[in-house]
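J.: Residue numbers (the working numbering): 11 to 781. All C-beta atoms, glycine included, are put in the ideal place defined by N, C-alpha and C. Remember, predicted model here, so these are calculated numbers, not experimental data. Just passing along the structure, written as structure tokens.
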């Protein structure tokens, strides 16, 4: 990149009214001079500068500043060698970013702040987040239209293109310049930003500033990990009427969803013996059923070859709420950073007890065991949960099968039967984990609870999961703003279960008013990125008295941690982790498997208790002819799938309870489709990928490793720990012996095969006789 390169110009096409030709100047930060910046600022006579920041490559941060007729684009090289360009940084910082004579306007000022601060340590003063003035969700097209002055004066297709570029990983330079110019133009042409809250990062306390900006940065990085394209699994049957294509989704994880403003649908169909690609937008979704309004005439469609969603999924309610909270924190509109639990979690400080509401307990509670007596470590964990006064935060480390849900049930029952008043809320990242806790309460003869479930998850997809607790379910489409109606639905319970995202549902406030959030127990806490707690802590900081985090950082991490190594769960907060209670006895796995996991994952600290009589608790099936086959960005193994299905059929004939798990989704999908096609045994809820099966178990677990050449998934010990610890009676691993004892010998599953020895290996032919 040469200094002061002058690209010709841009001609903005966003506004219907006349737009001038805008010159673009591009400088490296080390080449910036006072004269160049003074010339730029001379054109900002109204004191308004549009600004945006992004990346144009994996390493370069680029910031665009705009006046009415000119955009100045500054490139910040990677690394920390400030000696090369600190003069230019000082000029940009003092003349523009910290200059109170100029107001800086950005659509997403939060992201601009993060780009400036995270990599370059730069502050901004007199900053305005333009989307904060919109009445629409800040990620929506409507918010941009409103911030730009209203749809009537805009070329909407051009705004859509601009909006889409803001959602990208790396923004092209011309788009970056256009965004900055549009921010300047909108701020100059309307009075809607008068009185808008000002962002001044330099006056925020350092610790607060770093947590806020890092949370913004993490949220954006996680958003960018969402796929740009999703293949939707749909049934073969379809119907077309008046340009509307109706179909049915077959899998919840890849279901057709109502599109956000920047998403579209691509449908490949067979028409007249040829394949055509049709575009459209989702107009209706009800359970599995969906309707796509096609943009062009479809003619007679003979079959659907594929359906794809193009564009990233919009932020969830919880993600949007988290982002808005951080914007408000930058604007100093909220005091979240000074709340007791935020201080204790993020700053390792011990704030004054007066900040925390007094405990709701007037005396110590007795620990009440569920049907099976608690062991010593479980008893200690429950006692810690009950202690609000001395331990407002409790962290519990629970390896597989150690009774985490048993601890939760015992704590809830002990609290409810004690002197506590107010609400106990049980939460987790996944609906399945929440359902598991609910079933544990029911199995302990405790039914005084309600479970809040989203309609999207429940209706037409997962009703069968809730059959045992159907009377306890309140679906989100039945939430009501009427206190009387909601009180009737809650039925006087003091225990509510829901996912973490449900706390951000727009209509949950009626329930939280009736049952204030005083105690929250988070299961699967090792899968929750710490920033995800902000919506709960912000909404209920006046009523919260106790937080409990239960999980296992040796199992699945927060989503994205493998890609973004610095993401943290509560278990990476060392000041909290050091006081965690360790549940030291597992009851699920046969002794030989439990002992292996203890030695190789938990430093020998995990004890095992298990009924005797399962001598053949582990088998490795040598699938010699199996071969890993690439499918898209993933893998499958057809021969291994055949062996897995044969074993499942034999287990079913013997009346055994079984599940199939595999690391790769194409393999899971292929095995499930083959089970369904052959129709010999049940196929629904029988085949899972590893991530979807944490927290679950079954008598017999059949594992399909898939890989035969490269390590791939097997290099992730946390996921392998989940994969190998799901069985109650027997583990059957289908793989290639030459691969797992060769290339894969240093992996957790390879070490298990080597340690258990020749006696656990069975050939494909022997497997046919044995199972």
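DSSP on residue 372, reduced to helix/strand/coil?
T.: Confidence in residue 372 is poor, its pLDDT being 46 and thus under 50, which makes the residue's placement unreliable; the coordinate value appears in the next sentence. Three-state result, residue 372: coil.
J.: Within the chosen definition, does the stretch 641-655 reach the stretch 706-718 through at least 3 CB pairs nearer than 8 Å?
T.: Short answer: they touch.
J.: Bridge partners for residue 254 per DSSP, in chain order?
T.: Answer is 251 and 303.
J.: Classify residue 166 as buried or exposed, calling it buried when 16 or more other Cβ atoms lie within 10 Å of its own Cβ.
T.: Result: exposed.
J.: Measuring alpha carbon to alpha carbon, tell me which of 196, 592 and 41 ends up nearest residue 411.
T.: Answer by Cα proximity: 592.
J.: Judging by CA-CA distance, which residue of 353, 111, 192 and 124 is the nearest neighbour of residue 29?
T.: Of 353, 111, 192 and 124, the residue nearest in Cα terms is 192.
J.: Near residue 222, what residues of its chain come up, given a Cβ to Cβ distance below 8 Å and the 5 sequence neighbours on each side ignored?
T.: These residues qualify, in order along the chain: 214, 336, 339, 340 and 347.
J.: Could you say which of 766, 295 and 590 lies nearest to residue 395 if we only look at CA atoms?
T.: Nearest of 766, 295 and 590 to residue 395, Cα basis: 590.
J.: Which runs of the alpha helix (DSSP H), 4 residues or longer, sit entirely within the stretch 404-452?
T.: Qualifying alpha helix (DSSP H) stretches, in chain order: 414-427.
J.: Helix, strand or coil: which one does DSSP assign to residue 652?
T.: Of the three classes helix, strand and coil, the one that applies to residue 652 here is helix, per DSSP.
J.: Using the three-state DSSP reduction, which class does residue 716 fall into: helix, strand or coil?
T.: Here residue 716 sits in coil by DSSP.
J.: Could you work out which residue in 35, 758, 378 and 330 is closest to residue 225 when comparing CA atoms only?
T.: Ranking 35, 758, 378 and 330 by Cα distance to residue 225 puts 330 first.
J.: Below 8 Å between beta carbons: does that hold for residue 443 and residue 459?
T.: No, they are not a contact pair.
J.: Decide if residue 372 is buried, meaning its Cβ has at least 16 other Cβ atoms within 10 Å, or exposed.
T.: Low per-residue confidence applies at residue 372: pLDDT is 46, beneath 50, and the placement is therefore not dependable enough to give any value.
J.: Could you compute how far the alpha carbon of residue 363 sits from the alpha carbon of residue 357?
T.: Caution applies to residue 363, whose pLDDT of 45 falls short of 50 and renders its modelled position unreliable; the model cannot decide the point.
J.: Can you tell me the Cα-Cα spacing of residue 267 and residue 181, whole angstroms?
T.: Approximately 26 Å between the Cα atoms of the pair.
J.: Classify residue 750 as helix, strand or coil using the three-state DSSP reduction.
T.: In this structure, residue 750 counts as helix in the three-state DSSP scheme.
J.: Residue 22 by DSSP, collapsed to three states: which one?
T.: Looking at residue 22 - three-state DSSP - the assignment turns out to be coil, as it is neither helix nor strand.
J.: Near residue 734, what residues of its chain come up, given a Cβ to Cβ distance below 6 Å and the 5 sequence neighbours on each side ignored?
T.: So no residue of the chain qualifies.
J.: Starting from residue 154 and walking both ways along the alpha helix (DSSP H), at which residues does that stretch end?
T.: Residue 154 -> alpha helix (DSSP H) spans 151-157.
J.: Using 8 Å as the threshold, is the C-beta distance between residue 419 and residue 456 below it?
T.: Result yes, Cβ atoms of residue 419 and residue 456 sit closer than 8 Å.
J.: Can you give the Cα-Cα distance for residue 321 and residue 297, rounded to whole angstroms?
T.: Distance between the alpha carbons of residue 321 and residue 297: 21 Å.
J.: Rounded to a whole number of angstroms, what is the C-alpha to C-alpha distance between residue 600 and residue 621?
T.: Cα-Cα distance, rounded: 8 Å.
J.: Can you grab the Cα-Cα spacing for the pair residue 7 / residue 313, in whole Å?
T.: Nothing about residue 7 can be reported from this structure: the residues present for the chain run from 11 to 781 only.
J.: Taking residue 307 as the reference, give the member of 250, 673, 354 and 350 with the closest Cα.
T.: The option with the nearest alpha carbon to residue 307 is 250.
J.: Say whether chain D places a C-beta atom closer than 8 Å to the C-beta of residue 523.
T.: Among the chains in the structure shown there is no chain D, since it carries only a single protein chain.
J.: Residue 576: buried (16+ other C-beta within 10 angstroms of its C-beta) or exposed?
T.: With fewer than 16 other Cβ atoms within 10 Å, it is exposed.
J.: Report the three-state DSSP secondary structure of residue 357 (helix, strand or coil).
T.: Reduced to three states, the DSSP call for residue 357 is coil.
J.: If you draw a straight line from the C-alpha of residue 647 to the C-alpha of residue 507, how long is it?
T.: Whole-angstrom Cα-Cα distance: 39 Å.
J.: Kindly list the residues whose CB is nearer than 6 Å to the CB of residue 302, restricted to its own chain and excluding five residues on each side of it in sequence; keep chain order.
T.: Correct list, in chain order: 255, 275, 290 and 292.
J.: With a threshold of 8 Å, are at least 3 pairs of Cβ atoms found where one atom belongs to the stretch 120-137 and the other to the stretch 102-109?
T.: Cβ pair count under 8 Å is three or more, so yes.
J.: In angstroms with no decimal places, state the Cα-to-Cα distance between residue 494 and residue 503.
T.: Roughly 14 Å separates the two Cα atoms.
J.: Measuring straight from C-alpha to C-alpha, what distance separates residue 319 and residue 22?
T.: Each residue's Cα considered, the two are about 29 Å apart.
J.: Could you have a look at residue 584 and say whether DSSP puts it in helix, strand or coil?
T.: Three-state DSSP puts residue 584 in a helix.
J.: Taking the CB atoms as reference points, tell me whether residue 323 and residue 390 lie closer together than 8 Å.
T.: For residue 323 and residue 390, no; Cβs fall outside 8 Å.
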